[in-house]
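Single-structure report; data block below.
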Amino acid sequence: MPSELRHDWRREELLALFDLPLTELLFRAASVHREHFDPAEVQVSTLLSVKTGGCPEDCGYCPQAQRYHTGVDATKLMDGAAVLEKARQAKAAGASRFCMGAAWRSPKDRDIPKVAEMIAGVKALGLETCATLGMLSPGQAGALKDAGLDYYNHNLDTAPEFYGDVIHTRQYQDRLDTLEHVREAGLKTCCGGIVGMGETRAQRAGLLQALANLPAHPDSVPINRLVQVAGTPLAGTAELDPFEFVRMIAVARIAMPRSMVRLSAGREAMSDELQALCFAAGANSIFYGEKLLTTGNPDVERDQALFVRLGLRPMPLDHCDTHHGTATPAGATVHADITEPAPACGRAA
Ligand code: SAM
Ligand code: DTB
Ligand code: SF4
Numbered sequence: 001m002p003s004e005l006r007h008d009w010r011r012e013e014l015l016a017l018f019d020l021p022l023t024e025l026l027f028r029a030a031s032v033h034r035e036h037f038d039p040a041e042v043q044v045s046t047l048l049s050v051k052t053g054g055c056p057e058d059c060g061y062c063p064q065a066q067r068y069h070t071g072v073d074a075t076k077l078m079d080g081a082a083v084l085e086k087a088r089q090a091k092a093a094g095a096s097r098f099c100m101g102a103a104w105r106s107p108k109d110r111d112i113p114k115v116a117e118m119i120a121g122v123k124a125l126g127l128e129t130c131a132t133l134g135m136l137s138p139g140q141a142g143a144l145k146d147a148g149l150d151y152y153n154h155n156l157d158t159a160p161e162f163y164g165d166v167i168h169t170r171q172y173q174d175r176l177d178t179l180e181h182v183r184e185a186g187l188k189t190c191c192g193g194i195v196g197m198g199e200t201r202a203q204r205a206g207l208l209q210a211l212a213n214l215p216a217h218p219d220s221v222p223i224n225r226l227v228q229v230a231g232t233p234l235a236g237t238a239e240l241d242p243f244e245f246v247r248m249i250a251v252a253r254i255a256m257p258r259s260m261v262r263l264s265a266g267r268e269a270m271s272d273e274l275q276a277l278c279f280a281a282g283a284n285s286i287f288y289g290e291k292l293l294t295t296g297n298p299d300v301e302r303d304q305a306l307f308v309r310l311g312l313r314p315m316p317l318d319h320c321d322t323h324h325g326t327a328t329p330a331g332a333t334v335h336a337d338i339t340e341p342a343p344a345c346g347r348a349a
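In terms of UniProt numbering, the sequence shown is residues 1 to 349.
Next up, the structure:
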């Protein structure tokens, strides 16, 4: 029986998964992964910061918050042609999704046409489009959808009860509101969080509980390991045990079986062996390319060599998209467009 899409996870159930012996947890997560995906395929996204730094928010992890002295210079919104050139390069290097990030609390209405033009141009190259621009009004979300946006990234970042320890300039509810506007506009959601910020295991379970109990499972779930940047309040936080990171990936896979679980920030500092464990635990997406937004990522050669060593393949576009849409209303057990596992769509037979 394929695992059901549940939206009623209790914190204790998720914690009990975290508490399993690692080998047992890996086995369970790998089994769920195979019900829905070909475990040799990894979706590849490339990020570009289209507007860097100078952000008025105070997220304790972020090098782009204006108030911290991190050496990140604030820039204006990039020119559309320059963005398209970067997107072409990402496509040539093998990416299937291009994600444009802006260090905004929320976009101004006058920014939307400029971003819409970028989205339309990237879409026309045959790439999936994603944007992360901060909080959106319903109208802004609709305008981005009309421009051809496929995904909107907006993270819950941590458990509700830990959020106020990390961010003071907005509330958890603000994030939930934007996610609702994004879903209502018909956009797919990319929503995850960060671990290694000094949260407890129960709070890591709490983040996954909040994500899995959203009205629809996020289509992509980026799991970031904190990249400590000097000048941010969270620099100097005790490093998370790498096996705990693997557990986080595994529990995310079990709780959100049909979502793309993305090994996100923090990969540059991970060994190939740790990344292999994460793929075994059900991660099936990465950010690809030398840079995330302002910090480093493994270079393309290292990732290509890793894929060869592990026998992994970039997920073709037609396996990434239609079969993992937002059709996960509470109570549903399968996506509207899937009734049987379909080997032709990238899932294991
Ligand atoms: N300003 C928008 C927002 O906050 O929604 C979009 C860009 S913001 C940089 C996107 C995400 O990057 C954050 O939600 C956070 O999860 C992640 N992030 C930022 N700084 C990070 C760091 N130092 N380590 C890991 N993840 C980080
Ligand atoms: C996400 O969850 N991780 C990405 C993406 N969404 C936008 C961003 C990671 C940023 C890491 C710090 C930096 O490079 O500035
Ligand atoms: Fe601004 Fe986003 Fe960084 Fe927070 S995470 S400071 S909102 S760019």
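In this text, a Cβ means the ideal position worked out from N, Cα and C, and glycines have one as well. None of the values given here were measured: they were computed from a predicted structure.
In this structure, E161 sits near Q203, with a CB-CB distance shorter than 8 Å. Straight-line measurement puts the Cα of S106 at about 17 Å from the Cα of C190. In the structure shown, Y163 adopts helical secondary structure according to DSSP, grouped into three states. Taking 7 Å as the cut-off, the C-beta of G134 counts as close to a heavy atom of ligand 3. Rounded to whole angstroms, the gap between the alpha carbons of C62 and K291 is 15 Å.
For T189, the uninterrupted beta strand (DSSP E) segment begins and ends at K188 to C190. Contact annotation: L77 and K114 have beta-carbon atoms nearer than 8 Å. Annotated as proximal: I223 and V261, with beta-carbon spacing under 8 Å. Counted as a single uninterrupted DSSP element, the stretch harbouring Y68 is not any beta strand (DSSP E), since DSSP gives it neither H nor E. With a 10 Å radius around the Cβ and a threshold of 16 neighbouring Cβ atoms, S220 comes out buried. Between M248 and P138, the alpha-carbon positions lie close to 32 Å from each other.
At a cut-off of 4 residues, the continuous stretches assigned as alpha helix (DSSP H) that sit fully inside the segment 49-100 are 80-93. Where L306 is concerned, there is no enclosing beta strand (DSSP E), although the alpha helix (DSSP H) around it starts and stops at V300 to L310. Leaving aside the five residues that flank K86 on each side, the residues in its chain whose CB is nearer than 7 Å to its CB run, in chain order, L48.
For R262, the enclosing beta strand (DSSP E) covers residues M260 to L263. Where V122 is concerned, the enclosing alpha helix (DSSP H) starts and stops at I112 to A124.
In the structure shown, R247 falls within a helical segment according to DSSP collapsed to helix, strand and coil. In the structure shown, R313 falls within a strand segment according to DSSP collapsed to helix, strand and coil. Approximately 18 Å separates the beta-carbon atoms of S96 and P298; this is outside 8 Å, ruling out the contact. Per the Cβ contact rule, the segment 1-14 is in contact with the segment 194-214 (3 or more Cβ pairs under 8 Å). Exclusion of the five residues before and after A102 leaves V50, K51 and L133 as the residues of its chain whose Cβ lies within less than 6 Å of its Cβ. L125 sits exposed, since fewer than 16 C-beta atoms from the chains shown fall within 10 Å of its C-beta. The straight-line gap separating the alpha-carbon atoms of E184 and D79 is approximately 29 Å. In this model, G71 and D272 are separated by some 29 Å (Cα to Cα). Each of V251, Q66, G186 and Q43 was checked against the Cα of D19, and the nearest Cα belongs to V251. In the same chain as R253, and ignoring 5 residues on each side of it, the C-beta atoms closer than 7 Å to its own belong to A29, V32, H33, V261, A281 and G282, in chain order. Closest in C-alpha terms to V246, from the list L274, R267, I167 and I119, comes L274. In the three-state reduction of the DSSP assignment, A103 falls in the coil class, being assigned neither a helical nor a strand state. In this structure, the CA atom of Y68 is about 44 Å from the CA atom of E4. Distance from the CA atom of V308 to the CA atom of A230, rounded to whole angstroms, is 34 Å. By alpha-carbon distance to E57, the top candidate from G94, G164, L306 and Q228 is G164.
The beta-bridge partner set that DSSP reports for V195 consists of R225.
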